[in-house]
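In what follows, a structure is listed as structure tokens, so that the remarks can point back to it.
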Amino acid sequence: MSDISEVIQKNRAWAAEMVARDPDFFGRLARQQAPEYLWIGCADSRVPANEIAGMLPGELFVHRNVANVVVHSDLNCLSVMQYAVDVLKVKHIIVTGHYNCGGIIAALRNQSFGLIDNWLRHVQDVYHLHREEIDALEGESRQVARLCEMNVLEQVINVCRTTVVQNAWQAGQQLSVHGWVYDVKDGLVHSLIDPISDAGNARDLHLRGVKNVRRGVA
Ligand code: CO
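Per the numbering used here, residue 2 is the first one in the sequence shown, and the count goes up by one each step.
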């Protein structure tokens, strides 16, 4: 698509199609949003949150960045989480990584792409935490896949450690944190860990770490 006006045309066609299916669709959305899910995923163009989850606008609150990283001091991600949990009262936070993630590959290969190298240091930290297991795997594609999975685990732990989630659990709010990985080859998501629904669960996950992270691919 070289002409930007085509994007506007596609928008018009999409909006018309939505109204044809459901005349009050945008009217309802304009009145309020009440999503039950917060999706934290990669910015990769192959990983569009709503499409993958089979959800319509209004059903999913979304935060995306390169390699789906949750950094303790990232005001952007923390603000999205705080608004989603405190105001929208989402019931689930889903951290979704994906195989063949360019950010994960660059981190593992220690490649240089400019400013983003600094962001990917967070993924390199995950690699160093799980280096023994990852290095023992044969072939780069397996190592990349496992780092994608371990990155999800570590970001789930980071989500659980935020004041946002800790305070919600302390207040008795219903909130589960999930770790998924998406396979760009077949469009399927796989759950890597059991849902975490309280601070005790979260501490267990942190302590058991690697052992209870399933593999999404063989
Ligand atoms: Co990615």
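Backbone N, C-alpha and C fix where the C-beta goes; we use that ideal spot for every residue, glycine too.
Original post:
Which residues are close to ligand 1, meaning CB closer than 6 Å to any heavy atom, in chain order?
Top reply: The set, ordered by position in the chain, is 43, 45, 68, 99, 102, 103, 104.
Original post:
Going by beta carbon distance, what residues of the same chain come within less than 6 Å of residue 110, once the five residues before and after it are set aside?
Top reply: Scanning its chain for C-beta atoms nearer than 6 Å, with the 5 sequence neighbours on each side dropped, one finds no residue around residue 110.
Original post:
Based on the DSSP secondary-structure assignment, which residues constitute the bridge partners of residue 97?
Top reply: Note: residue 97 sits in a beta bridge opposite 42, 181.
Subject >> Nonlocal neighbours in the same chain, by C-beta distance under 7 Å from residue 30, ignoring five residues either side >> reply: If we look at residue 30 and ignore the five residues flanking it on each side, its Cβ neighbours are 58, 59.
Subject >> Cutoff 8 Å; reference residue 43; Cβ partners in own chain excluding five residues on either side >> reply: Around residue 43: 65, 66, 67, 68, 69, 97, 98, 99, 102, 104.
Original post:
Using DSSP with H/G/I as helix, E/B as strand and the rest coil, what is residue 194?
Top reply: Here residue 194 sits in coil by DSSP.
**OP:** Would you be able to state if there are at least three C-beta pairs under 8 Å between the stretch 188 to 208 and the stretch 167 to 176?
**Re:** The stretch 167 to 176 vs the stretch 188 to 208: in contact.
Original post:
Over what stretch of residues does the alpha helix (DSSP H) that includes residue 111 continue unbroken?
Top reply: From DSSP, residue 111 is part of no alpha helix (DSSP H); its letter is neither H nor E.
Original post:
Using DSSP with H/G/I as helix, E/B as strand and the rest coil, what is residue 69?
Top reply: Coil.
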